[in-house]
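Scroll down for the structure; my scribbles are underneath it.
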Amino acid sequence: MPDYSYSSSGRGYAPWDYAGFSTNFHRVVVESGVTYLGDYSFLRSHVETVYIAAASMGDNIFQESPYLREVELAEGVTSIGGSNFRESPNLTKINIPGSVQTIGGYNFYETPGLTSIGPVGSGASIAVHLKIFPSLCG
Numbered sequence: 001m002p003d004y005s006y007s008s009s010g011r012g013y014a015p016w017d018y019a020g021f022s023t024n025f026h027r028v029v030v031e032s033g034v035t036y037l038g039d040y041s042f043l044r045s046h047v048e049t050v051y052i053a054a055a056s057m058g059d060n061i062f063q064e065s066p067y068l069r070e071v072e073l074a075e076g077v078t079s080i081g082g083s084n085f086r087e088s089p090n091l092t093k094i095n096i097p098g099s100v101q102t103i104g105g106y107n108f109y110e111t112p113g114l115t116s117i118g119p120v121g122s123g124a125s126i127a128v129h130l131k132i133f134p135s136l137c138g
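Here it is as C-alpha cells:
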C-alpha cells in the first residue's frame, strides 16, 4: 500500500474506504521491517484480528472498529500512540510486549469487552484516563 496522509479537512477515512473496501478484509498483519504505522490507518474498519510488528504506532489507528476482537503486538514494538483502539466495543484481548516503553492516552477508552491486557513492560510509561479499563476495574 502506498503511503498516505490523513487530512482533518478531508473525509477522515483510510484510502481503501473511499470505494467501500473496509468490509472486505478481517485480519491485518503488519510485519517487521515497517518502522511506523500511521495515524488513522484502519479507522472504522471491519478488521477482527490484528498482528503488528511495526516499531511504533501513531494515533487513532483502529479507532471505532466495531468488529475488532483481538490484538497482538510483537516484541520490538516500542511505542503505541493514543486512541488506537478507542470505541472498539468488541475488543476482548490485547497482548502488549515488554519492549513497549510508551502507551498514549485513551487507547482503551470505551472498550467495555476488554478482559485481557498483558504483559506490559515494567519500564513503560502509560497515560491513564478515566474509563480506559472499565471491564478490568470492576
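Residues 1 to 138 in this note's numbering are what the sequence shown spells out, letter by letter.
Just so it is clear, CB atoms sit at the ideal spot from N, CA and C, and this is done for glycine as well.
Cβ neighbours of residue i in the same chain (closer than 6 Å, five flanking residues each side left out)
{"i": "A74", "result": "A53"}
{"i": "N107", "result": "N84, F85"}
{"i": "Y51", "result": "V29, E72"}
{"i": "G118", "result": "none"}
{"i": "I94", "result": "V71, I117"}
Residues near residue i in its chain [Cβ-Cβ closer than 8 Å; skip 5 each side]
{"i": "Q63", "result": "Y40, L43, R44, S83, N84, F85, R86, E87, S88"}
Cβ separation of residue i and residue j, assumed to be a contact under 8 Å, to the nearest whole Å
{"i": "S56", "j": "S79", "result": "4 Å"}
{"i": "E36", "j": "E48", "result": "Here residue 36 turns out to be Tyr, not Glu, going by the sequence shown. With a Cβ gap of about 23 Å, Y36 and E48 do not count as contacting."}
{"i": "G58", "j": "G38", "result": "5 Å"}
Where residue i falls: helix, strand or coil (DSSP)
{"i": "Y36", "result": "strand"}
{"i": "R139", "result": "The chain is shown from 1 up to 138; residue 139 falls before or after that span and cannot be answered."}
{"i": "Y106", "result": "coil"}
{"i": "T111", "result": "coil"}
{"i": "T152", "result": "Because the chain is modelled from 1 through 138, residue 152 falls outside the range shown and cannot be assessed."}
{"i": "S65", "result": "coil"}
Same chain only: Cβ atoms within 7 Å of residue i, ignoring 5 sequence neighbours per side
{"i": "T111", "result": "F85, S88, P89, L91"}
{"i": "S135", "result": "With a pLDDT of 48 at S135, under the threshold of 50, the predicted position of this residue should be treated as unreliable, and no value is reported."}
{"i": "R69", "result": "E48, T49, N90, L91, T92"}
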